[in-house]
Amino acid sequence: MNRILFFYTFSFLVLANFCQAEVCGKILKIQGDVEILRIKETKDVRIGIKATDQAPLQCDDIILTGRASRAKLKLGSTVVTMSSQSRLAAEEHNEKTHEPNLLSLMYGKIRALVKPRETGEKNLQINTSTAVMGVRGTDLFVGFDPNTRLTHQATIEGKVEVEQKVTGQKIMVDPGQQIKIEAHIAPDGEEIQAPLRAEPISIKVVEQIRQASFIAKDDKEFATTEAVKILGEPTKWLPPDEELPLDLRGMKNEF
Numbered sequence: 022m023n024r025i026l027f028f029y030t031f032s033f034l035v036l037a038n039f040c041q042a043e044v045c046g047k048i049l050k051i052q053g054d055v056e057i058l059r060i061k062e063t064k065d066v067r068i069g070i071k072a073t074d075q076a077p078l079q080c081d082d083i084i085l086t087g088r089a090s091r092a093k094l095k096l097g098s099t100v101v102t103m104s105s106q107s108r109l110a111a112e113e114h115n116e117k118t119h120e121p122n123l124l125s126l127m128y129g130k131i132r133a134l135v136k137p138r139e140t141g142e143k144n145l146q147i148n149t150s151t152a153v154m155g156v157r158g159t160d161l162f163v164g165f166d167p168n169t170r171l172t173h174q175a176t177i178e179g180k181v182e183v184e185q186k187v188t189g190q191k192i193m194v195d196p197g198q199q200i201k202i203e204a205h206i207a208p209d210g211e212e213i214q215a216p217l218r219a220e221p222i223s224i225k226v227v228e229q230i231r232q233a234s235f236i237a238k239d240d241k242e243f244a245t246t247e248a249v250k251i252l253g254e255p256t257k258w259l260p261p262d263e264e265l266p267l268d269l270r271g272m273k274n275e276f
């Protein structure tokens, strides 16, 4: 009897530790329709779970935001805001610290606050299908459109190393700068990658960053002095026009 009791107690503790080890973060806040795609039994099967505030996130979860929906996540010490119609996958993590090592933005827009890591610890990478961003102690924006295969990256604070996947070309993007990774199709069907060039953050990209930051507009960690210099006051951080009530559309410049 004692052996049976010991076995079940031991199994419970192992299972509890396993489950705990699988949790790498949580959803801090949602607006609208947000879903978690979670592996059920095999690597090929995921189930959709309706997200809620403070819901735990497993280390290999995929987070989806619907139309007029947003999410704010904490993955290890990294805080991420997701704009509407975005899909973000947590793909690799540090097994000891549960810090994310690789995030993949399949489509949409995100803003991430990434804290510096210990010496020797792997930097966070953010992937799109056309670019890899190496991140360490940074406030950055990434947007990806799968239809045009266009990646936008902008740095608010810190520095980001951006690598073009096809050519391997790398460039450092400083605060206040953006990079655009785009491809052109030649007449023979070959994909041609334009050379990387950092430039000041455009008004269009500023607007995209504001949209990605909307869910965190009341958070001091997102509204730093440097962020406000680039994005303006948080009262200007609004969703796209089509998500605003009819009587507020087109009034962004008046705030």
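So that you can map any letter, position 156 of the sequence shown is 177 in my numbering, and since no number is skipped, the others follow by simple counting.
Here a beta-carbon is modelled for each residue, glycine too, at the ideal position from N, C-alpha and C.
With which residues is residue i paired in a DSSP beta bridge?
i    : result
K257 : BP columns for K257 are empty, so no partner.
K191 : E184
Please confirm whether residue i and residue j have their CB atoms less than 8 angstroms apart.
i    : j    : result
G129 : L78  : no
I236 : L217 : no
T102 : A233 : yes
V100 : E254 : no
A204 : L161 : no
R59  : I70  : yes
Starting from residue i, trace the alpha helix (DSSP H) in both directions and tell me its first and last residue.
i    : result
T246 : T246 to L252
Q229 : I224 to S234
From which residue to which residue does the beta strand (DSSP E) around residue i run?
i    : result
A175 : L171 to E178
K47  : V44 to Q52
Q198 : Q198 to I202
Q79  : P77 to Q79
G69  : R67 to K71
R59  : V55 to I60
To the nearest angstrom, report how far apart residue i and residue j are at their CA atoms.
i    : j    : result
G155 : T246 : 24 angstroms
P167 : T118 : 32 angstroms
L49  : L252 : 23 angstroms
I192 : A219 : 8 angstroms
D65  : V55  : 21 angstroms
T159 : P137 : 8 angstroms
N144 : V135 : 10 angstroms
D262 : A152 : 29 angstroms
G197 : K180 : 10 angstroms
K257 : K225 : 14 angstroms
G189 : N148 : 14 angstroms
I177 : L109 : 20 angstroms
Would residue i count as contacting chain B if we go by Cβ distances under 8 angstroms?
i   : result
G53 : Structure shown: chain B not included; a single protein chain is present.
Start-end ranges of the beta strand (DSSP E) lying completely within the segment 102–178, minimum 3 residues: 108–114, 121–135, 145–148, 152–156, 159–166 and 171–178
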